[in-house]
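Student:
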Amino acid sequence: MEGVRDEGRQWSAAEPGFWRQVVGQLGTALILVDPAGRFLAVNPAAERLLGRAAAAMLGEDAHDLLHRGADGGRVPRERCSLLRAVAERAEARGEGHICLRGDGRLVAISWSASPLRDDGAFVGMAVLLTDAAGDRSARRERAAYTRALEDLTERLTLVAEITDVLGQTLETDEALARLGRLLVPRLADWAAVDLRVGSGQVHRVAVTGPEGRDAAQEDWRERLPEAGEEARSPLVQVLNGADPVVQREADVAAPVSSALAAVHSGFLRAVGAASAVTVPLGSGRRVTGALTLVRTDPAHPFDADDLTVVSDIGRRVGLVIDNARRFGRQRAVAEAMQRNLLAPLPQPGRLRLAARYQPAPAGSQVGGDWYDAFERKDGTLALVIGDVVGHDLTAAAGMAQLHGILRSLAWDHSGPPGAVVDRLDDAMPAITTVPMATLVLALLEGDPHTGPWTLRWTSAGHPPPLLLTRDGQAQYLEAGQGLLLGVPPGTGGSRPSAAQALPPGSTLLLYTDGLIEIPGSDLDTGLARLRHHALALAHEPLDTLCDQLPARMPPGSTDDVALLALRLPSP
109 MEGVRDEGRQ WSAAEPGFWR QVVGQLGTAL ILVDPAGRFL AVNPAAERLL GRAAAAMLGE
169 DAHDLLHRGA DGGRVPRERC SLLRAVAERA EARGEGHICL RGDGRLVAIS WSASPLRDDG
229 AFVGMAVLLT DAAGDRSARR ERAAYTRALE DLTERLTLVA EITDVLGQTL ETDEALARLG
289 RLLVPRLADW AAVDLRVGSG QVHRVAVTGP EGRDAAQEDW RERLPEAGEE ARSPLVQVLN
349 GADPVVQREA DVAAPVSSAL AAVHSGFLRA VGAASAVTVP LGSGRRVTGA LTLVRTDPAH
409 PFDADDLTVV SDIGRRVGLV IDNARRFGRQ RAVAEAMQRN LLAPLPQPGR LRLAARYQPA
469 PAGSQVGGDW YDAFERKDGT LALVIGDVVG HDLTAAAGMA QLHGILRSLA WDHSGPPGAV
529 VDRLDDAMPA ITTVPMATLV LALLEGDPHT GPWTLRWTSA GHPPPLLLTR DGQAQYLEAG
589 QGLLLGVPPG TGGSRPSAAQ ALPPGSTLLL YTDGLIEIPG SDLDTGLARL RHHALALAHE
649 PLDTLCDQLP ARMPPGSTDD VALLALRLPS P
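When you read off a place in the sequence shown, starting at 1, and then add 108, the result is the number in the numbering used here.
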């Protein structure tokens, strides 16, 4: 055997005192048996475990002395796995073997045996013994601790996931749909959300069960009782600012006396609630609603840890809903402001004009797209399409500022459209809050009844107008391109203007980039799609064209759309 060095001292098998000290201090019970199964040595831990003194065991047959059946009777030697291991001179282990202690008590022992050899000769077995009951208890404790850690990790993961997923939307319906999918079935069997709306009304806006959304349980409303009423209704308590409430099966069956409480109790009974928890959405005085989670398994009720987690989720969801409502109000104001600032279109002579404004899809912010058409002092028709950088009220206000200034500048200016836009660009930083914008200003010259007509235009970084003719041709008017409004002075010279004769019966389309830009698709593809669909609608009435053209473009745009169409009379 190789030596073991400890602080400069050489220990070896020639010094048995060292090994006796190690074995004596070993906390695990150890016995040595000879090839016949008789005790050769017993350490103090084994004496304590077996309740016998070493002197009383040395030389005794280990099986006859210790091994017993569950009823305390002796076990035949041929059924002893330890004796079999000794006979086979092989490593072995056993679980839950019953041994007779010196005090007459039976103890379940787990053991692990390894053969001992001296110069290759088998001299016996070293057997480690442990209290199986203690091992099982320790294993149960470790398993319970592991399960507790796993449950905590799962809960923290769920809270983090809910925070991340809900933070990706500012639409209340979408947020609640995502919430239900996250909570059921990971934390509950059913989930219900009640929101406070208007003057004390409560709407049950989302119910999610094992099969997903349950519309039959939704769309219910009832005025909220005054604070202090319906003290036995957890839902009313929570909506009135009380702490979260846990209900057991007996609580669910308790009688109620208001419609609000009755609907909630009816829901709990209908889904077979064995346990329910109701928490506020939000915190303090800003309670926007209540979240109720239901479990149907009586063996797995909600506990204090669950209540803590669900309460945290409720606070986070309340904040998301509050933000979504605030965003919705701001969006509605911006959209209304934008629509009201889009002036009615003139209809000079036989010329026909139509326009559409389409807000950004739900979940996106309202942009600064706008259109305008008006007759100038000399009778020339001015057409404008533009897009202000920014979103919501800022963009809508900026659009209103540009709208008024451009009308004033173009009213009696007899120069080319590029010169008018140059003057607008000069004035923009001084009298508007607009940082940057694109637009097309087009002037239609010619008698509004008979023509001939010439279009003069300039573009400040805006997508080109599209001209559709009666013979089925489509042409993008790409000339007259200049810099965006708001580009630092000195970057370029005067803006160019372009001119082109327009044939009778032709249609001119001015549009914003929301019509052609789709995430994941390039601009050329968008322009090609617009050309294709516009040609297909070229012979439709102008209002039909304006209605159907945006609908035929692929979905996915996150921007608003402005569309202005001019149609010249046919000969």
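Using N, Cα and C, we set each Cβ at its ideal position, and we do this for glycine too.
What's the C-alpha gap between His-641 and Thr-280?
Tutor: Near 35 Å, if we compare the C-alpha coordinates of Thr-280 and His-641.
Student: Report buried or exposed for Glu-625, applying the criterion of at least 16 other Cβ atoms within 10 angstroms of its Cβ.
Tutor: Buried.
Student: Check whether the Cβ atoms of Pro-658 and Leu-671 sit closer than 8 Å, and answer yes or no.
Tutor: Yes, they are a contact pair.
Student: Secondary structure at Pro-543, three-state DSSP: helix, strand or coil?
Tutor: Correct three-state label for Pro-543: coil.
Student: Using a threshold of 8 Å, state whether the C-beta atoms of Leu-510 and Ala-481 are closer than that.
Tutor: Not in contact: Leu-510 and Ala-481 (Cβ atoms no closer than 8 Å).
Student: For Phe-230, count the other beta carbons within 10 Å of its own beta carbon; 16 or more makes it buried, fewer makes it exposed. Which is it?
Tutor: The residue is exposed, with fewer than 16 neighbouring Cβ atoms inside 10 Å.
Student: At the level of alpha carbons, what is the spacing between Ser-219 and Ala-283?
Tutor: The amino acid occupying residue 219 in the given sequence is Trp; Ser does not appear at that position. Going by the C-alpha atoms only, they are around 57 Å apart.
Student: Restricting to Cα atoms, I'd like to know which of Arg-458, Ala-162, His-171 and Gly-426 is closest to Arg-393.
Tutor: The residue with the shortest Cα to Cα distance from Arg-393 is Gly-426.
Student: How many Å lie between Ala-335 and Val-346 at the Cα?
Tutor: Low local confidence applies: a pLDDT of 48 at Ala-335 is under 50, so the model's placement there is unreliable, and no value is given.
Student: To the nearest angstrom, how far is the alpha carbon of Tyr-479 from that of Thr-541?
Tutor: Going from the Cα of Tyr-479 to the Cα of Thr-541 covers about 19 Å.
Student: Rounded to a whole number of angstroms, what is the C-alpha to C-alpha distance between Pro-679 and Pro-467?
Tutor: Distance between the alpha carbons of Pro-679 and Pro-467 is about 37 Å.
Student: Determine, using beta carbons only, whether Ser-614 and Leu-676 come nearer to each other than 8 Å.
Tutor: For Ser-614 and Leu-676, yes; Cβs fall inside 8 Å.
Student: Determine the DSSP secondary structure at Met-507, reduced to helix, strand or coil.
Tutor: Reduced to three states, the DSSP call for Met-507 is helix.
Student: Going along the chain, which residues of its own chain have a beta-carbon closer than 6 Å to the beta-carbon of Gly-349, five neighbours each way excluded?
Tutor: Within the same chain, Gly-349 has close Cβ partners Val-395.
Student: What does the alpha-carbon distance come out to for the pair Ala-268 and Thr-416?
Tutor: Going by the C-alpha atoms only, they are around 14 Å apart.
Student: Could you check whether the stretch 181–197 touches the stretch 154–171, counting it as contact only if at least three pairs of C-beta atoms, one from each stretch, sit closer than 8 Å?
Tutor: Yes, the stretch 181–197 touches the stretch 154–171.
Student: Ala-164 to Leu-158, Cα distance in whole Å?
Tutor: Each residue's Cα considered, the two are about 11 Å apart.
Student: Going by C-alpha distance, which of His-570, Thr-562 and Ala-582 is nearest Ala-93?
Tutor: Nothing can be reported for residue 93, as the shown portion of the chain is limited to 109 through 679.
Student: Can you give the Cα-Cα distance for Gly-457 and Pro-556, rounded to whole angstroms?
Tutor: Going by the C-alpha atoms only, they are around 5 Å apart.
Student: In the structure shown, what three-state DSSP assignment does Phe-410 receive?
Tutor: Reduced to three states, the DSSP call for Phe-410 is coil.
Student: Suppose the cutoff is 7 Å on Cβ atoms and the five residues either side in sequence are ignored; what does the same chain contact list for Glu-483 look like?
Tutor: Same-chain partners within the cutoff: Pro-454, Pro-456 and Leu-489.
Student: Can you have a look at Gly-135 and say buried or exposed, based on whether 16 or more other CB atoms are within 10 angstroms of its CB?
Tutor: The residue is exposed, with fewer than 16 neighbouring Cβ atoms inside 10 Å.
Student: Step through the CB atoms of chain B and report whether any lies within less than 8 Å of the CB of Thr-540.
Tutor: Structure shown: chain B not included; a single protein chain is present.
Student: Quick check: what's the CA-CA separation for Gly-320 versus Gly-288?
Tutor: About 8 Å.
Student: Any heavy atom of the ligand NAP within a distance shorter than 7 Å of the CB on Gln-581?
Tutor: Within the structure as shown, the ligand NAP is missing, as the structure has no ligands at all.
Student: Using the Cα positions of Leu-138 and Ala-161, report the straight-line distance between them to the nearest angstrom.
Tutor: Each residue's Cα considered, the two are about 13 Å apart.
Student: Starting from Arg-377, trace the alpha helix (DSSP H) in both directions and tell me its first and last residue.
Tutor: Unbroken alpha helix (DSSP H) run through Arg-377: 367–378.
Student: Counting Cβ pairs, one atom from each stretch, are 3 or more of them under 8 Å apart for the stretch 585–596 and the stretch 618–638?
Tutor: In short, these stretches do not touch, since the Cβ pair count stays below three.
Student: Given that a residue counts as buried once 16 or more other Cβ atoms are within 10 Å of its Cβ, and exposed if not, what is Leu-166?
Tutor: Exposed, by the Cβ-count rule.
Student: Would you say His-372 and Leu-343 are within 8 Å of each other, going by their C-beta atoms?
Tutor: Closer than 8 Å, so yes.
Student: Give the list of continuous beta strand (DSSP E) stretches no shorter than 3 residues that lie fully inside the stretch 145–224.
Tutor: Whole beta strand (DSSP E) segments, 3+ residues: 147–150 and 200–208.
Student: Identify the residues that DSSP records as bridge partners of Thr-562: which are they?
Tutor: Paired residues: Glu-553 and Ala-609.
Student: Buried or exposed, going by whether 16 or more other CB atoms sit within 10 Å of the CB of Asp-272?
Tutor: By the neighbour-count rule (16 or more Cβ atoms within 10 Å), Asp-272 is not buried but exposed.
Student: Only counting the same chain, and skipping five residues up and downstream in sequence, which positions put a Cβ closer than 7 Å to that of Gly-132?
Tutor: The residues are Asn-151 and Pro-152.
Student: In terms of alpha-carbon separation, which member of Arg-433, Met-507 and Ala-646 lies closest to Met-536?
Tutor: Closest option to Met-536, Cα to Cα, is Met-507.
Student: Which term fits Gln-129, buried or exposed, when burial requires 16 or more other beta carbons within 10 angstroms of its beta carbon?
Tutor: It is exposed - the Cβ of Gln-129 has fewer than 16 other Cβ atoms within 10 Å.
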